[in-house]
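Take a look at the structure set out below.
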Amino acid sequence: MRCAGTEFPTAMKTNTILLTAGLFALATAATARAEVDFAKQIAPILEKRCVECHGAEKKKGKLRLDSRAEAFGKEDVLIAGKADESELYRRVILPADDDDIMPAEGDPLSKAEQDLLRDWINEGAKWPEELVLGGQADAPAQVAIEWPPEHKASDAEKKAVAKLNELGIAVRPIAQNSTWLTANLRVYSGEFNDELVTALGQVTGLVDLNLANTKINDAMLAKLAPLKNLMTLHLENTQVTDTGLKHLAGMEYLHYLNLYGTAITDEGLAQLKDHQRLRKLYAWQTKATAEGATKLKESNPDLSVNLGESLIVVAEKKEEEKKEGEKK
Numbered sequence: 032m033r034c035a036g037t038e039f040p041t042a043m044k045t046n047t048i049l050l051t052a053g054l055f056a057l058a059t060a061a062t063a064r065a066e067v068d069f070a071k072q073i074a075p076i077l078e079k080r081c082v083e084c085h086g087a088e089k090k091k092g093k094l095r096l097d098s099r100a101e102a103f104g105k106e107d108v109l110i111a112g113k114a115d116e117s118e119l120y121r122r123v124i125l126p127a128d129d130d131d132i133m134p135a136e137g138d139p140l141s142k143a144e145q146d147l148l149r150d151w152i153n154e155g156a157k158w159p160e161e162l163v164l165g166g167q168a169d170a171p172a173q174v175a176i177e178w179p180p181e182h183k184a185s186d187a188e189k190k191a192v193a194k195l196n197e198l199g200i201a202v203r204p205i206a207q208n209s210t211w212l213t214a215n216l217r218v219y220s221g222e223f224n225d226e227l228v229t230a231l232g233q234v235t236g237l238v239d240l241n242l243a244n245t246k247i248n249d250a251m252l253a254k255l256a257p258l259k260n261l262m263t264l265h266l267e268n269t270q271v272t273d274t275g276l277k278h279l280a281g282m283e284y285l286h287y288l289n290l291y292g293t294a295i296t297d298e299g300l301a302q303l304k305d306h307q308r309l310r311k312l313y314a315w316q317t318k319a320t321a322e323g324a325t326k327l328k329e330s331n332p333d334l335s336v337n338l339g340e341s342l343i344v345v346a347e348k349k350e351e352e353k354k355e356g357e358k359k
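Each residue of the sequence shown is one higher than the last, beginning at 32 in the numbering used here.
Below is the structure:
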């Protein structure tokens, strides 16, 4: 017969193993936290709280935070992997009464927003080149391209603009004294519905429209078909598919189209072959392929199609194949 003392150590060992396993599981779960998504989590913060003072139109302190190139072009503003040494993060966590706090106007960032910025920077501050905030870096006014004929707003359009303004959507001139308009709904927090999209479709003076991260879908895009003067259109991270792209057919002045993070395929790219003024197309993280992009470029040689690294690899392979052919 065993005495109780001989079994106690074994029980202790078992409990210790279980406790250790539990702690390890908790640590693993913490480590497995999803990586911060720039487009969905960081871009809205920068666009809502930073770009107004640090964008293409207003460059406070000669600092711009509307594109990767601009943000990383200023020394020490963002240091990938080192949030504590990044001036942007250091400024947003300053006390509310500090003269150097960012943003300088309005409430400080929430603790959750501060933590997101910290984690994003520490994870490498990944910022896709094609994601430009505010739509201004690629605004038509800054690119020497063909503009639509002169526009004069109708009474119906003026009423639609007034309605959108009531909903909290700023529809404003693309430049001082211009009749052409721009609207940015990327960080719009109100209800995104058919009524809103119908009103947008009546603002035919729009040349710059940002619908990134909204609930726009194929059916809603049909309501925007009247916007034949559109030159810049952001549809990244939306529910738009190949079916919806047919509604862009009448937008003959379109020169910039961002479809990043949508479900479009090569079939969708093929629908853009008649857009001869299109110069920049972003289709990274979609189902479109390099082959589809190449076919599209055949119909529009001046078009730049960005598919991320896949297109670059294909280009390199073609160059290698060409060199191999020359050797033979």
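We put the beta carbon where it would ideally sit given N, CA and C, even for glycine.
Where residue i falls: helix, strand or coil (DSSP)
i: Leu147; result: helix
i: Lys328; result: helix
i: Asn289; result: strand
i: Asp239; result: strand
i: His278; result: helix
i: Asn337; result: strand
i: Lys311; result: strand
i: Leu164; result: coil
i: Lys113; result: coil
i: Lys91; result: helix
i: Leu255; result: coil
i: Leu264; result: strand
Contact under 9 Å by Cβ, residue i with residue j
i: Ile73; j: Leu125; result: no
i: Leu164; j: Asp97; result: yes
i: His278; j: Asp249; result: yes
i: Asn331; j: Lys304; result: yes
i: Lys259; j: Val228; result: no
i: Leu309; j: His286; result: yes
i: Gln307; j: Gly292; result: no
i: Glu144; j: Ile205; result: no
i: Ala256; j: Val271; result: no
i: Met262; j: Pro179; result: yes
i: Arg121; j: Asp115; result: yes
i: Ala184; j: Ile110; result: no
Cβ neighbours of residue i in the same chain (closer than 6 Å, five flanking residues each side left out)
i: Arg80; result: Pro134
i: Ala191; result: Ala230, Gln233 and Val234
i: Glu118; result: Asp107 and Val108
i: Lys246; result: Phe223
i: Phe300; result: In the sequence under discussion, the amino acid at residue 300 is Leu, which differs from the Phe named in the question. Contacts found: Ala319, Gly323 and Leu327.
i: Leu140; result: Val123
With 16 other Cβ atoms within 10 Å as the buried cut-off, status of residue i
i: Leu137; result: Here residue 137 is Gly; the residue named in the question, Leu, does not match the sequence. Gly137 comes out exposed.
i: Lys89; result: exposed
i: Gly275; result: buried
i: Asn268; result: buried
i: Asn208; result: exposed
i: Thr210; result: exposed
i: Glu188; result: buried
i: Ile176; result: exposed
i: Gly236; result: buried
i: Gly112; result: exposed
i: Glu78; result: buried
i: Asp239; result: buried
i: Ala243; result: buried
i: Asp273; result: buried
i: Ala314; result: buried
i: Ala87; result: buried
i: Ala280; result: exposed
i: Ala65; result: exposed
Cβ-based neighbour list, residue i, same chain, cut-off 7 Å, excluding 5 preceding and 5 following
i: Val202; result: Val192, Leu195, Asn196, Leu212, Ala214 and Val234
i: Glu101; result: Arg95
i: Asp333; result: Arg310
Same chain, Cβ closer than 8 Å to residue i, neighbours up to 5 away in sequence not counted
i: Ser335; result: Arg310, Lys311 and Leu312
i: Asn30; result: With the chain running from 32 to 359 in the structure shown, residue 30 is simply not present.
i: Ala70; result: Pro159, Leu162, Ala243, Asn244, Glu267, Asn268, Tyr291 and Gly292
Of all the alpha helix (DSSP H) runs that stay within the bounds of the region 183-220, which reach a length of 4 or more residues?
-> Listed in chain order, they are 186-197.
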